[in-house]
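One structure is given below, encoded as structure tokens.
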Amino acid sequence: DSGVTQTPKHLITATGQRVTLRCSPRSGDLSVYWYQQSLDQGLQFLIQYYNGEERAKGNILERFSAQQFPDLHSELNLSSLELGDSALYFCASSSTADTQYFGPGTRLTVL
Amino acid sequence: AQSVTQPDIHITVSEGASLELRCNYSYGATPYLFWYVQSPGQGLQLLLKYFSGDTLVQGIKGFEAEFKRSQSSFNLRKPSVHWSDAAEYFCAVAPMDSSYKLIFGSGTRLLVRP
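Those protein sequence lines, which keep their order, are chains A and B.
Under this note's numbering, the first residue of the first sequence carries the number 35, and numbering increases by one thereafter.
Under this note's numbering, the first residue of the second sequence carries the number 23, and numbering increases by one thereafter.
Printed below as a string of structure tokens:
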């Protein structure tokens, strides 16, 4: 158990819908990272927050957004969902500029 | 652009045999280097990491990795594989910028023959 929690574990929705994925970092970790794992793209960095502020952006679509709240949990919002958004979404957290600890992931299925 | 190459998509070894998983990276300077393991239906678990110093690093579960600057490689090894090691292994680099976001290789799936 990494100490990073993600909810929900599974999410099934339809095209065009909007969903929110939630992540609670390890106690004391200020950085939260979001990654997407899909069969065709592999594991890709989406976005990073540090203590409530966006720090880095990767291959994140404009339909996707994220935020980190004062209690340091983070949410990833995915809207206007397409079939190709079906993937495993991981959250990771870190306390310093090194090791990231990953949550169990949220599996999103868009039908 | 930074990239990580894991040339082997699948590797099959017999239980008790030795293992080496290859990883090459492309980056202007020496980045932070990591190996993660993902068991079926699970998240990613850190096996080991290299930041600086001794180029042979020890990790959990009996794994080790060697950083070779001249070859831009960070290969993962284990002297004797156990059936429970069957999983997918990812090599990753983190550029030493302010984000330390991870750039992953495509992964190597390890199958273990009884």
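Virtual Cβ for every residue (Gly too), placed ideally from N, Cα, C.
Note that the structure is predicted; figures quoted are calculated from it, not measured.
Query raised in the report: Taking the C-alpha atoms as reference points, what is the distance between Ala48/A and Thr130/B?
Result: For Ala48/A and Thr130/B, the distance between alpha carbons rounds to 32 Å.
Query raised in the report: Going along the stretch 52-68 of chain B in order, which residues come within less than 9 Å of chain A, judged by CB to CB distance?
Result: Listed by position along the chain: Tyr54, Phe56, Tyr58, Gln60, Gly63, Gln64, Gly65, Leu66, Gln67 and Leu68.
Query raised in the report: Along the chain, where does the beta strand (DSSP E) that runs through Arg131/B open and close?
Result: Looking at the DSSP string, the run of the beta strand (DSSP E) that includes Arg131/B is Thr130 to Arg135.
Report task. State the start and end residues of the unbroken beta strand (DSSP E) segment that holds Lys90/B. Result -> Its beta strand (DSSP E) spans residues Glu86 to Lys90.
**Report entry** Straight-line Cα distance separating Leu122/A from Leu73/A
**Finding:** So the alpha carbons of these two residues sit roughly 9 Å apart.
Query raised in the report: Which whole-angstrom value describes the C-beta separation of Gly84/B and Lys71/B, a residue pair presumed to lie in contact below a C-beta threshold of 8 Å?
Result: The beta carbons of Gly84/B and Lys71/B sit about 16 Å from each other, so the pair does not count as a contact at 8 Å.
Query raised in the report: If you measure from the beta carbon of Gln49/B to each beta carbon in chain A, is any gap under 8 Å?
Result: The residue you asked about is not Gln; residue 49/B is Tyr in the sequence shown. Chain A contact via Cβ: absent.
**Report entry** Buried/exposed call for Trp68/A, threshold 16 Cβ in 10 Å
**Finding:** The residue is buried, with at least 16 neighbouring Cβ atoms inside 10 Å.
**Report entry** Proximity of Phe96/B and Leu55/B at Cβ, strictly below 8 Å
**Finding:** When the beta-carbon positions are compared, Phe96/B and Leu55/B come within less than 8 Å of each other.
Query - Range covered by the beta strand (DSSP E) that runs through Gln93/B - result: Looking at the DSSP string, Gln93/B is not in any beta strand (DSSP E), and its letter there is neither H nor E.
Query raised in the report: To the nearest angstrom, how far is it from the Cα of Ala39/B to the Cα of His104/B?
Result: Separation of Ala39/B and His104/B (C-alpha to C-alpha, rounded to the nearest whole angstrom) is 9 Å.
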